[in-house]
Each structure stands twice: as structure tokens, then as C-alpha cells.
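What follows is a single structure, written as C-alpha cells, with notes after it.
Protein chains: 2
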Amino acid sequence: MTKKATLNLDDGAMRLVGKNETGTVTAFDVTSENGGNGSAASPMEVFLQSAAACSGMDILSIIRKKRKTVTDLRIEIEGERAEEHPHIYTSIAVKYILVSPDATEGDMKRACELSQDQYCSAFAMIKRSGCAVSWTSGIERP
Amino acid sequence: MTKKATLNLDDGAMRLVGKNETGTVTAFDVTSENGGNGSAASPMEVFLQSAAACSGMDILSIIRKKRKTVTDLRIEIEGERAEEHPHIYTSIAVKYILVSPDATEGDMKRACELSQDQYCSAFAMIKRSGCAVSWTSGIERP
């Protein structure tokens, strides 16, 4: 499985826009203190979010395969970066909240376990890099 | 340094939208074959692009610190994923092309080296995960 993308500079500062093989775009920028215009999230913010999204989509699939209804899935993710270059993430904490009228706490916990331990490519790579990943899960009723 | 984000489901399928601390949003989706609506790039496509953007912004900073003009920066990135779960990236190839009237091939090569070997957080984590990263650099005149 090959994934390809091309990025280009999109303003006179730091904004970069990536285009994937089907032409959909993703923008990256940094705040003015970092020389950008703050028009989009920063690369390392997006890196963190891509892991949450990768894992979130696993969870959506698993919950729906159990014939449970998903009203919303909220994922709060927080990463701690090293002070020294290259400022890697040393720890990441994830809170998964499923809003569902019928899924149980057990359904949700199992879905998160399957994503974190077996399916999520991004978290697998992040963990292999040496970053500590912790997570909690919960259910809210709509 | 802490980075935080919250993601929510944004349609009845797989679209997730992340919001960073300053409120800028990043969308993730998958193609219809994967249960989505193809409204945005997939999490692992964005993961790859975030590394390219992280590194690209290092390069923009370094080239500009040398008082050279950046007309464009084009980054082509290609990742090969494992066939088996969790489908991690096993190798990534990056091609950095700087469009500049005055930067030299040497300026650009050095900027890419500094990013890849010292500054880029995303590629540092990707390499630590065991993924092989290769890159080339070039200059085009505007």
C-alpha cells in the first residue's frame, strides 16, 4: 500500500498545503510568533490529530459493526513534547468519549483496546518511537 | 511544551474534525470504499503530510535565515505501508524542491540535512519507530 502527497508553499510565509492522490487538500501553518499567519494548525498539532483520527475511525467501525448507534465521538488528545531538539512527543494521553444511546462502557473499552493494540497505524508508530501512550474511554447518553 | 486538540464526528459516516487550542480546524475523512465520503484526506495521508510540512517549515526558516529568496517549496512524499495490521509505514521517500532565484544546491541540501537530522520532530519519531526515511533535494529557478 503506497500513499503519496505533494505539498506547496501557499503564501509568502509558512503556510504549506498538501494534496493527496484524490486531490483533497490539508493546510498547515504556524502562529505569527513562529513566522506564520496562524491560518491552519501546525504540523505537530496535525500529527497528533491524525493519530486521534486514525484511532477514532477504527472505533467508529467497531462500534457500528456491533450494531450500536454513534451519535458523536469526541476525542481529547494531549501530547507532551521534549524541551530539547527535535522536540519529539514523549507522552500522549487520549480520552475517547462515545455519545451513544445503546453502546455499553464495555463495548467502547473493547473498541478502544482493539484500535490502540491492533489496528491504529499512527499509534503503533508513535509507540514504537518510544512515546508513552495512555488512554481512557467513556460513554455519554445523547 | 504541551499540545492539545479535540476531535468530533462531523457527519453520519467517518468525517472527524479536529480543533487545536487556537480554534483552527483540520478535517479527516476516508473514501466511500472505506465507509466515508472522501471530503478530506485520510488520517494516515495527513500523518505523512504533517511530517513533510514539519520538515518543510524547518527548510523555509533555514533558507530565509541565509537571506535567500523562496519562490516556492515543493515536497513530494511517498510512504509504503506494511500489508499486515497495523499497516505501519515501513519506508518513506521525500523529494524536496526549492524554487529560488538565488539559493544554491548546497544551501538546500544543508537545510534538508539539518531538518532531517536535527530539527524535524515528526521525522525523528518516524525514524525511531523503525521506518526507513530517504530524501533527495533539488533547486529550480523561477
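Sequence order for the protein chains is A and B. Residue numbering for the first sequence is 1430 to 1571, as defined by the working numbering. Residue numbering for the second sequence is 1430 to 1571, as defined by the working numbering. Yeah, the Cβ is synthetic: ideal placement off N, Cα and C, and Gly gets one too.
Beta-carbon gap between residue i and residue j smaller than 9 Å
{"i": "L1543 of chain B", "j": "I1506 of chain B", "result": "no"}
{"i": "T1455 of chain A", "j": "G1447 of chain A", "result": "yes"}
{"i": "F1457 of chain B", "j": "S1550 of chain A", "result": "no"}
{"i": "S1558 of chain A", "j": "S1558 of chain B", "result": "yes"}
{"i": "V1475 of chain A", "j": "V1475 of chain B", "result": "yes"}
Neighbour list for residue i in chain B, Cβ cutoff strictly below 9 Å
{"i": "I1504 of chain A", "result": "A1434, T1435, L1436, N1437, L1445 and G1447"}
{"i": "E1507 of chain A", "result": "T1431, K1432, K1433 and A1434"}
{"i": "G1464 of chain A", "result": "M1486, L1489, S1490 and R1493"}
Neighbouring residues, chain A, relative to residue i (Cβ below 8 Å)
{"i": "D1531 of chain B", "result": "Under the 8 Å cutoff, chain A gives no residues; its nearest Cβ is about 16 Å from D1531 of chain B."}
Supposed contact pair residue j and residue i - C-beta distance, whole angstroms, cut 8 Å
{"i": "E1569 of chain A", "j": "V1528 of chain A", "result": "5 Å"}
{"i": "I1488 of chain B", "j": "C1560 of chain B", "result": "Going by Cβ atoms, the distance from I1488 of chain B to C1560 of chain B rounds to 20 Å, so no, they are not a contact pair."}
{"i": "I1526 of chain B", "j": "R1493 of chain B", "result": "Not a contact, Cβ separation roughly 17 Å."}
{"i": "M1554 of chain A", "j": "I1555 of chain B", "result": "7 Å"}
{"i": "L1438 of chain B", "j": "A1481 of chain A", "result": "That belief does not hold up - the Cβ atoms of L1438 of chain B and A1481 of chain A are roughly 12 Å apart, past 8 Å."}
{"i": "T1453 of chain B", "j": "A1442 of chain A", "result": "That belief does not hold up - the Cβ atoms of T1453 of chain B and A1442 of chain A are roughly 15 Å apart, past 8 Å."}
{"i": "M1486 of chain B", "j": "L1445 of chain A", "result": "7 Å"}
Amino acids of chain A, ordered along the chain, whose beta-carbon sits closer than 9 Å to that of residue i
{"i": "D1501 of chain B", "result": "N1437 and L1438"}
{"i": "G1467 of chain B", "result": "T1451 and T1453"}
Contacts of residue i in chain B (Cβ-Cβ under 7 Å)
{"i": "V1459 of chain A", "result": "M1486"}
Partners in chain A for residue i, counting only beta-carbon separations shorter than 7 Å
{"i": "P1515 of chain B", "result": "Q1547, Y1548, C1549, S1550 and A1553"}
{"i": "R1539 of chain B", "result": "Chain A residues near R1539 of chain B: none, gap ~16 Å exceeds 7 Å."}
Cα-Cα separation, residue i to residue j
{"i": "K1433 of chain A", "j": "Q1547 of chain A", "result": "24 Å"}
{"i": "S1566 of chain A", "j": "A1511 of chain A", "result": "26 Å"}
{"i": "G1465 of chain A", "j": "G1508 of chain B", "result": "27 Å"}
{"i": "S1520 of chain B", "j": "D1531 of chain A", "result": "41 Å"}
{"i": "D1440 of chain A", "j": "D1501 of chain B", "result": "9 Å"}
{"i": "T1498 of chain B", "j": "C1483 of chain B", "result": "20 Å"}
{"i": "D1574 of chain B", "j": "I1517 of chain A", "result": "A question about residue 1574 of chain B goes unanswered here, because the residues of chain B that appear run from 1430 up to 1571."}
{"i": "P1515 of chain A", "j": "E1534 of chain B", "result": "24 Å"}
{"i": "R1406 of chain B", "j": "P1571 of chain B", "result": "This structure leaves residue 1406 of chain B out entirely; chain B is present only between 1430 and 1571."}
{"i": "N1463 of chain A", "j": "S1490 of chain B", "result": "10 Å"}
{"i": "K1538 of chain A", "j": "N1449 of chain A", "result": "33 Å"}
{"i": "Q1545 of chain B", "j": "W1564 of chain A", "result": "30 Å"}
{"i": "T1451 of chain A", "j": "E1513 of chain B", "result": "24 Å"}
{"i": "F1552 of chain A", "j": "F1552 of chain B", "result": "15 Å"}
Per-residue contacts from residue i into chain B (C-beta, under 8 Å)
{"i": "A1561 of chain A", "result": "Those within 8 Å of A1561 of chain A in chain B number zero; the least Cβ separation is about 13 Å."}
{"i": "M1473 of chain A", "result": "K1432, S1479, C1483, S1550 and A1551"}
{"i": "G1567 of chain A", "result": "What G1567 of chain A touches in chain B: nothing, since even the nearest Cβ is about 14 Å away."}
{"i": "R1570 of chain A", "result": "Here the premise fails: no neighbours, minimum Cβ distance about 16 Å."}
Cutoff 9 Å: residue i Cβ touching any chain C Cβ
{"i": "R1557 of chain A", "result": "The structure shown contains no chain C; the protein chains it does contain are A and B."}
Report task. Quick one: which residues of the stretch 1488-1499 of chain B get their C-beta closer than 9 Å to a C-beta of chain A? List them in chain order. Result -> L1489, S1490, R1493 and V1499
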